[in-house]
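Positions 1 to 63 (full-length UniProt numbering) are the ones given, in order, by the sequence shown. For glycine and all other residues, C-beta sits at the position ideal for the given N, C-alpha and C. Because the structure is a prediction, the values reported are computed rather than measured.
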Amino acid sequence: MKLELMWPTVPAAATEPCADPVSVPDRDLTERETVSYWGRDRASLKTCEGRRRVAVDAIKERP
């Protein structure tokens, strides 16, 4: 009998850098622009956190 350990690999998507925050113009933003930029940043953060969580969970699975 041969025992072979199989280590989980970190998913490639989890190694991608998180998106930079939205670049905003050098002026006061309208309410609409503020909501739009904020929404994009929140969506990017949620996606990035999901990738990070998957990577951490994969590593925690190691014996």
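With a cut-off of 8 Å on the beta carbons, I'd call residue i and residue j a contact; round off their distance for me.
i, j, result
"R52", "A12", "So it is not a contact: roughly 13 Å between Cβ atoms."
"A58", "V24", "The pair is not a contact, with the Cβ atoms about 35 Å apart (cut-off 8 Å)."
Just the C-alpha distance for residue i and residue j, rounded to the nearest angstrom, thanks.
i, j, result
"R32", "L5", "54 Å"
"L29", "V22", "13 Å"
"A55", "E16", "11 Å"
"C18", "T47", "8 Å"
"D26", "D41", "18 Å"
"S44", "M1", "48 Å"
"P8", "W38", "35 Å"
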